[in-house]
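At position 66 of the sequence shown (counting the first as 1) the number is 629 in the working numbering, and the numbers step up by one without a gap.
Each residue gets a CB set at the ideal place from its N, CA and C atoms; glycine is no exception.
Keep in mind that this is a model prediction, so the values were computed, not measured.
Data first, discussion second: the structure below is written as structure tokens.
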Amino acid sequence: MAPNDRIAIDIDELDRYLGVKEPVQSVPLAELHLSGASDKLVEAIARQLGLPIAARVSTTSQTARFTTHALSRTDESGRGVEGIAAQVGIPADLPLYGSSKLNGFVIDVLLGHQFKTARSDTAITLLAHELAHVLLYSLRHPRRDSEQFTDLVPLIVGFAECVECGRHLITSEDIGDRIRTTTITLGYLSDSEFEFARDEVARILATRRASRARALQSASQLRQRTAQALQSARDCSRLIADLDMTRRRVRPSDGQQLVAMHAPGYLSELQQAVTRYAGAAREAEQFATSLTHFSAKAIERLRQLDARCDESARSFAPVGSRIEADLALLRRNRPALTRFTDAIRSLARLLASRLRRKSRLTSA
564 MAPNDRIAID
574 IDELDRYLGV
584 KEPVQSVPLA
594 ELHLSGASDK
604 LVEAIARQLG
614 LPIAARVSTT
624 SQTARFTTHA
634 LSRTDESGRG
644 VEGIAAQVGI
654 PADLPLYGSS
664 KLNGFVIDVL
674 LGHQFKTARS
684 DTAITLLAHE
694 LAHVLLYSLR
704 HPRRDSEQFT
714 DLVPLIVGFA
724 ECVECGRHLI
734 TSEDIGDRIR
744 TTTITLGYLS
754 DSEFEFARDE
764 VARILATRRA
774 SRARALQSAS
784 QLRQRTAQAL
794 QSARDCSRLI
804 ADLDMTRRRV
814 RPSDGQQLVA
824 MHAPGYLSEL
834 QQAVTRYAGA
844 AREAEQFATS
854 LTHFSAKAIE
864 RLRQLDARCD
874 ESARSFAPVG
884 SRIEADLALL
894 RRNRPALTRF
904 TDAIRSLARL
914 LASRLRRKSR
924 LTSA
């Protein structure tokens with residue numbers, strides 16, 4: 564099997580286990596690293612991997628040896644190259660992923676003596692890999708000891724951009740009148756394998772984003788239509804009251820429907836139906852807007868909400884048409900003064916809507 568075929572299969576498997584995540588915000592992580600808050604940095608990276616652990620961090624002396632070879636290259640004496648290695652202890656009693664016992668479970672992390680002065684993207688890359696081992700062990704995954712498989716985990720959970728920048732260590736050394744530059748690649752993926760894996764994760768993420776965008780569009784359209792229908796229903800209620808007060812003669816062809824509108828609960832039942840459909844739109848819109856982790860469960864929930872929006876839109880169509888038809892009938896029969904007042908109100912609403920839109924654009 565070609566290496567890229569193996570990687571594609573592994574990414575597909577990780578996607579089923581973990582789902583893909585939007586890229587992590589690297590600036591807050593870099594700030595934690597630069598400030599020396601190593602324990603908070605470890606815990607923040609762990610949370611991105613879905614590990615609600617607590618970190619107990621210590622730093623080695625310059626002569627200390629590392630027993631791990633995970634991700635960071637080591638020399639023949641076992642010391643991490645550039646002194647920036649990281650090592651995470653995986654206890655035998657590590658709780659299962661998703662269990663309440665994992666909340667606040669203490670994980671020991673040992674950092675190399677130059678970890679704090681390393682590039683932030685490299686520091687994040689090292690920790691993301693080491694904590695990926697913890698994640699796979701908590702899942703009891705059969706390939707939890709595979710370094711190449713572990714290398715793929717950070718890409719799936721949002722660290723692809725950080726790893727791309729941090730996986731290469733470049734050092735320079737003066738040799739007489741020349742400068743020798745050395746590049747060390749962290750991890751167990753070649754450059755071509757990494758690029759393939761990065762692109763494969765990006766492809767999956769793009770597909771999930773497209774599904775989210777479609778659901779958002781459907782929900783937004785339904786929300787706007789229901790909002791308009793509710794406003795029209797309020798206008799109907801006001802116009803009915805105005806018509807009753809003026810006792811104006813109505814068109815004979817409209818009389819039967821006007822009688823129906825005066826039936827107890829006529830408008831309130833229409834409004835309640837529209838409110839239900841608006842609720843479906845609002846729930847779908849809120850879920851899709853906040854969705855950054857495309858797990859199997861989240862994708863299924865998005866599908867359900869999108870289907871509910873489609874069903875609500877179909878059910879809403881005759882209700883919305885009924886309300887608009889009633890509003891048109893009432894407007895045909897309103898007194899001249901009321902028509903003038905309505906025109907002023909409509910203009911005021913239009914101006915207010917445009918001002919709100921302009922304000923949002925300015926603040927953005």
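If you compare alpha carbons, which of the options is closest to residue i?
i: residue 889; options: 771, 861 and 830; result: 830
i: residue 601; options: 568, 676, 583 and 668; result: 676
i: residue 817; options: 841, 760, 652 and 893; result: 893
i: residue 607; options: 791, 843, 687 and 767; result: 687
i: residue 762; options: 809, 721 and 784; result: 721
i: residue 682; options: 879, 925, 754 and 728; result: 728
i: residue 571; options: 766, 853, 845 and 846; result: 766
i: residue 753; options: 785, 774, 782 and 710; result: 710
i: residue 792; options: 828, 812, 837 and 784; result: 837
i: residue 775; options: 853, 691 and 568; result: 853
Let me confirm a value: residue i is counted as buried when at least 16 other C-beta atoms fall within 10 Å, else exposed. Which label applies?
i: residue 749; result: buried
i: residue 917; result: exposed
i: residue 695; result: buried
i: residue 584; result: buried
i: residue 881; result: exposed
i: residue 659; result: exposed
i: residue 599; result: exposed
i: residue 713; result: buried
i: residue 755; result: exposed
i: residue 611; result: buried
i: residue 590; result: exposed
i: residue 573; result: buried
i: residue 883; result: buried
Measure the Cβ-Cβ separation of residue i and residue j and say whether it is below 8 Å.
i: residue 869; j: residue 777; result: yes
i: residue 697; j: residue 617; result: no
i: residue 897; j: residue 806; result: yes
i: residue 592; j: residue 577; result: no
i: residue 796; j: residue 886; result: yes
i: residue 715; j: residue 760; result: yes
i: residue 769; j: residue 844; result: no
i: residue 723; j: residue 586; result: yes
i: residue 872; j: residue 785; result: yes
Look at the alpha carbon of residue i and the alpha carbon of residue j, and state the distance between them as a whole number of angstroms.
i: residue 804; j: residue 833; result: 17 Å
i: residue 542; j: residue 582; result: Nothing can be reported for residue 542: it is not among the residues displayed for the chain, which extend from 564 to 927.
i: residue 910; j: residue 794; result: 14 Å
i: residue 565; j: residue 718; result: 20 Å
i: residue 850; j: residue 814; result: 48 Å
i: residue 772; j: residue 848; result: 14 Å
i: residue 674; j: residue 693; result: 11 Å
i: residue 922; j: residue 915; result: 10 Å
i: residue 613; j: residue 913; result: 46 Å
i: residue 619; j: residue 679; result: 16 Å
i: residue 725; j: residue 684; result: 5 Å
i: residue 928; j: residue 672; result: Residue coverage of the chain in this structure runs from 564 to 927, which leaves residue 928 outside it and unanswerable.
i: residue 579; j: residue 874; result: 29 Å
i: residue 920; j: residue 780; result: 18 Å
Are at least three pairs of beta-carbons, each pair with one atom in the stretch 858 to 869 and one in the stretch 787 to 800, less than 8 Å apart?
Not touching, per the Cβ criterion.
Decide if the stretch 698 to 716 is in contact with the stretch 648 to 667; the criterion is three or more beta carbon pairs, one per stretch, under 8 Å apart.
Yes: the two stretches touch, three or more of their Cβ pairs being nearer than 8 Å.
Would you be able to state if there are at least three C-beta pairs under 8 Å between the stretch 808 to 826 and the stretch 844 to 862?
No, because fewer than three Cβ pairs between the stretch 844 to 862 and the stretch 808 to 826 fall closer than 8 Å, the two stretches do not touch.
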